[in-house]
Amino acid sequence: MRIVTWNVNSIKQRLPRLLALLDREAPDIVCLQETKCPDEAFPHEQLAERGYHAATYGQRAYNGVAVLSREAPLSLERGFTADPTPDEARLLTARYDALTVISAYVINGRAIGDPAYERKLAWLDALRAWIAGTFSPEEPLVLAGDFNVAPEARDVHDPAGWEGSIHFSEPERTRVRALLDWGFADLLRRHTTDGGIFTWWDYRAGAFHKGWGLRIDLILGTEPLAGRVEEVRVDRNERRPKAGEGAPSDHAPVIATLAD
DNA sequence: ATGTCACTTTACAAGTGA
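Take 21 as the starting number for the first sequence in the numbering used here and just add one per residue.
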């Protein structure tokens, strides 16, 4: 089984690259974030031609998440109980026979001390509480998406420079650890201990070219899935300006392969 | 720290969020 997560920064802008990725990787599950697309405008037809069902929770202009799958989900849930920002389309749960998949787009937070930063921490607290009250670590569950948090120093190109900044403050890292403590594994860390693996590079200042990246896109899985990890990699090529049709997202896809 | 991108609107330029 292959699971992908990708913050596409507009499904409309990234559709040619997404379709190419489906052809190239043949994933079973794809979690998308920042689709920036109302549900009725989602490109369902092009995806159906590739054999994918698209479960969507979108809105105009901002946010928006989706789960693509070869099999139609048994049920869907948009948002979660006690979401502090219920008007923002940031979380979608799709249930299948073999597993449950959550696609999440965590609040960016802008800067330490910004009201959005406090909302980010509260959102992650509420998410953990909902997961703990809804699921079991014994069941096959995936929580994948843009966490807007780099978990550890090895996930940051310049840890000393980033320490205490947005995406790499201790309160944010504590929230990610709380999810791991509940019973998730960071699937990439089941495959490799290497540092310097990044999933996001700022569009500005030539950050990608300079290697100024962070690993903030994660695929978390409970043990029934984490125990089956064969490989987890980042498709950095998707971040290159001329690698595909159209401009790149500022995020690269994360691709996990699990034993069947 | 900021050399961009995608989106929106009392739209052909400027503000916003990231």
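Beta carbons: idealized from backbone N, C-alpha and C, even for Gly.
For clarity, every value in this text was computed on a predicted model and none was experimentally measured.
Between which two residues does the alpha helix (DSSP H) carrying residue i extend?
i: Val196; result: Glu190 to Trp202
i: Arg209; result: Leu207 to His211
i: Gly184; result: No alpha helix (DSSP H) holds Gly184; DSSP gives it neither H nor E.
Exposed or buried, what is residue i when buried is set at 16 or more other beta-carbons lying within 10 Å of its beta-carbon?
i: Asp237; result: buried
i: Ile239; result: buried
i: Leu119; result: buried
i: His229; result: exposed
i: Gly226; result: exposed
i: Leu38; result: buried
i: Ser189; result: buried
Under the DSSP definition of a beta bridge, which residues are partnered with residue i?
i: Trp220; result: Leu234 and His271
i: Ala164; result: Ser123 and Ile239
Just the Cα atoms here: how many angstroms apart are residue i and residue j?
i: Asp201; j: Ala102; result: 21 Å
i: Thr277; j: Leu144; result: 27 Å
i: Val121; j: Gly78; result: 17 Å
i: Arg256; j: Asp107; result: 32 Å
i: Asp166; j: Arg248; result: 22 Å
i: Phe218; j: Glu172; result: 12 Å
i: Arg44; j: Leu208; result: 20 Å
i: Ala246; j: Trp221; result: 27 Å
i: Val274; j: Pro58; result: 24 Å
i: Ile151; j: Ser30; result: 27 Å
i: Ala81; j: Thr113; result: 21 Å
i: Gly181; j: Gly215; result: 16 Å
Starting from residue i, trace the beta strand (DSSP E) both ways and give me its first and last residue.
i: Gln53; result: Ile49 to Gln53
i: Thr120; result: Thr120 to Tyr125
i: Arg115; result: Leu111 to Arg115
Just verifying my parser: in three-state terms, what is the DSSP assignment at residue i?
i: Leu240; result: strand
i: Arg174; result: helix
i: Arg73; result: The question names Arg, but residue 73 is His in the sequence shown. Looking at His73 - three-state DSSP - the assignment turns out to be strand.
i: Ile31; result: helix
i: Gly133; result: coil
i: Arg253; result: strand
i: Arg98; result: strand
i: Thr25; result: strand
i: Thr154; result: helix
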